[in-house]
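Q:
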Amino acid sequence: RTVYLNGAWLSEDEAKVSVFDRGFLFADAIYEVTAVISGKLVDFAGHAARLRRSLDALGIPAPVSENQLLSLHKEIARRNALLDGLIYLQISRGAQDRDFLFPEGLHPTFVMFTQAKQVLDNPRWKSGISVQTSPEGRWANRQIKTVQLLYSSLAKVNAARDGFDDVLFVEDGFITEASSANFHMITPEGTLVTRDLSNALLHGITRGSILDLARKAGLRAEERAFIPEEAKGAAETFITSATSFVMPVVSIDGHTIGDGTPGPVSRRLLDLYIEDRL
Ligand code: PDD
Numbered sequence: 003r004t005v006y007l008n009g010a011w012l013s014e015d016e017a018k019v020s021v022f023d024r025g026f027l028f029a030d031a032i033y034e035v036t037a038v039i040s041g042k043l044v045d046f047a048g049h050a051a052r053l054r055r056s057l058d059a060l061g062i063p064a065p066v067s068e069n070q071l072l073s074l075h076k077e078i079a080r081r082n083a084l085l086d087g088l089i090y091l092q093i094s095r096g097a098q099d100r101d102f103l104f105p106e107g108l109h110p111t112f113v114m115f116t117q118a119k120q121v122l123d124n125p126r127w128k129s130g131i132s133v134q135t136s137p138e139g140r141w142a143n144r145q146i147k148t149v150q151l152l153y154s155s156l157a158k159v160n161a162a163r164d165g166f167d168d169v170l171f172v173e174d175g176f177i178t179e180a181s182s183a184n185f186h187m188i189t190p191e192g193t194l195v196t197r198d199l200s201n202a203l204l205h206g207i208t209r210g211s212i213l214d215l216a217r218k219a220g221l222r223a224e225e226r227a228f229i230p231e232e233a234k235g236a237a238e239t240f241i242t243s244a245t246s247f248v249m250p251v252v253s254i255d256g257h258t259i260g261d262g263t264p265g266p267v268s269r270r271l272l273d274l275y276i277e278d279r280l
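Numbering follows UniProt numbering, in which position 135 of the sequence shown is assigned residue number 137; successive positions increment by one, without gaps.
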């Protein structure tokens with residue numbers, strides 16, 4: 003693969019980042035993941051806007067303009083002949099001698115790579131996935147898309163050991179989100195419910211798009227916090243992200259949701275999203 007590193011196009015084994023990089027030493031870095039379908043970027047504007055918010059929140063200067071960012075996305079897809087898959091980008095504050103304090107004027111480290119993957123026709127869209135509730139132990143500013151993913155990664159590995167596909171983080175009794183996706187339910191009355199935006203969860207680009215599409219399609223939608231017990235009694239539950247779009251969740255802690263198969267509303271939203279974004 004050809005990867006992008008600070009203005010250069012390099013083969014993946016040529017690209018090197020300093021061991022003193024603050025992304026490596028302090029997780030002082032942010033990231034984005036954007037899907038590509040048939041060579042077309044999915045929800046690019048939303049990902050670019052959130053990238054800007056994450057950079058501003060950490061005070062990392064943007065290494066490129068939004069127009070340049072778009073060109074880089076197109077260029078990396080072209081160079082890797084990527085038709086279907088993901089584009090990952092990470093920007094760290096840069097490298098310095100290890101110090102909790104950082105000076106002004108560090109040079110950000112900007113890396114991009116592609117991952118070829120069949121994002122459409124995900125076989126799991128048909129079966130759905132299972133999740134395990136897990137105490138929320140991530141840091142307190144989850145709206146910033148930082149690379150502090152250790153807790154999420156460990157929680158997901160634990161869940162996998164217990165036979166689940168993902169975790170559902172719970173804080174003060176309320177669901178926040180899954181390890182790398184937002185969580186939603188369709189109530190028995192047919193209302194889409196998703197948690198309201200705050201620092202408790204990542205403001206998912208796919209979440210926002212699905213909410214818009216659902217309302218346009220005439221579905222009632224509410225943004226509020228809810229507890230696992232309510233989700234377990236829902237007609238349907240699902241998660242959303244740039245990598246899974248709309249993925250049905252068919253069981254929570256071993257409790258079957260609905261009839262245990264992906265529901266019609268989740269499927270409709272997935273179809274609407276694919277139709278609208280292609
Ligand atoms: N993760 N919540 C968390 C904690 C996430 O990491 C993600 C995305 C989402 C969904 O956001 P979006 O719809 O903007 O992708 C929610 C990416 C896909 C990843 O880490 O690979």
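Idealized CB from N, CA, C, for every residue including glycine.
All figures in this text were calculated on a predicted structure; none of them were measured in a lab.
In the DSSP assignment, what residue or residues form a beta bridge with Phe112?
A: Against the sequence shown, residue 112 aligns to sequence position 110. BP columns for Phe112 point to Ile93.
Q: Going by Cα to Cα distance, which pick from Ala64, Leu272, Ala142, Lys147 is closest to Ile32?
A: Counted from its first residue, the sequence shown places residue 32 at position 30. Of Ala64, Leu272, Ala142, Lys147, the residue nearest in Cα terms is Lys147.
Q: Who pairs with Ser132 in a beta bridge, going by DSSP?
A: Within the sequence shown, residue 132 is the residue found at index 130, counting from 1. Ser132 is bridged to Ser253.
Q: DSSP has Tyr6 in a bridge; who is on the other side?
A: As a working mapping, residue 6 is identified with position 4 in the sequence shown. Looking at the DSSP assignment, Tyr6 forms a beta bridge with Trp11, Met114.
Q: Under 6 Å from any heavy atom of the ligand PDD, does the C-beta of Glu179 make it?
A: Translated into the one-based positions of the sequence shown, residue 179 becomes position 177. It does: the Cβ of Glu179 is within 6 Å (strictly closer) of some heavy atom of the ligand PDD.
Q: Residues near the ligand PDD, CB to any non-hydrogen atom under 6 Å, in chain order?
A: Qualifying residues come out as Val35, Glu179, Ser182, Ala183, Asn184, Leu204, Gly206, Ile207, Thr208, Arg209, Thr242, Ser243, Ala244, Thr245.
Q: Which residue from Ser40, Lys234, Ile89 puts its Cα closest to that of Gly260?
A: Start at 1 with the first residue of the sequence shown, and residue 260 comes out as number 258. Looking at the Cα atoms, Lys234 is the closest of the given residues.
Q: On the three-state DSSP scale, how would you describe Leu103?
A: In the sequence shown, counting from the first residue as 1, residue 103 sits at position 101. Coil at Leu103, not helix or strand.
Q: Looking at the secondary structure, which residues open and close the alpha helix (DSSP H) in which His186 lies?
A: In the sequence shown, residue 186 corresponds to position 184, counting from 1. Careful: His186 lies outside any alpha helix (DSSP H), inside the beta strand (DSSP E) at 184-188.
Q: Are the region 264-280 and the region 234-248 touching by the rule of at least three beta carbon pairs closer than 8 Å?
A: These segments touch.
Q: May I ask which residues mark the beginning and end of the alpha helix (DSSP H) holding Thr208?
A: Translated into the one-based positions of the sequence shown, residue 208 becomes position 206. Counting along the chain, the alpha helix (DSSP H) containing Thr208 begins and ends at 207-218.
Q: Touch check for the region 8-25 and the region 103-123: three-plus C-beta pairs under 8 Å?
A: Touching, yes.
Q: Roughly how many whole angstroms lie between the Cα atoms of Ile212 and Asp99?
A: Working through the sequence shown from its first residue, we reach residue 212 at position 210. Working through the sequence shown from its first residue, we reach residue 99 at position 97. Cα-Cα distance, rounded: 44 Å.
Q: Could you pull out every unbroken beta strand (DSSP E) segment of at least 3 residues lying fully inside the region 144-191, listed in chain order?
A: The qualifying runs are 168-173, 176-180, 184-188.
Q: Under the three-state reduction of DSSP, which class applies to Asp86: helix, strand or coil?
A: Looking up residue 86 in the sequence shown gives position 84. Three-state DSSP puts Asp86 in coil, outside helix and strand.
Q: Helix, strand or coil for Ile32, going by three-state DSSP, please let me know.
A: For this step, residue 32 is matched to residue 30 along the sequence shown. In the structure shown, Ile32 sits in a strand (DSSP, three-state: E or B).
Q: Just reading off the alpha helix (DSSP H) that Ala59 is part of, what are its end residues?
A: Within the sequence shown, residue 59 is the residue found at index 57, counting from 1. Looking at the DSSP string, the run of the alpha helix (DSSP H) that includes Ala59 is 46-60.
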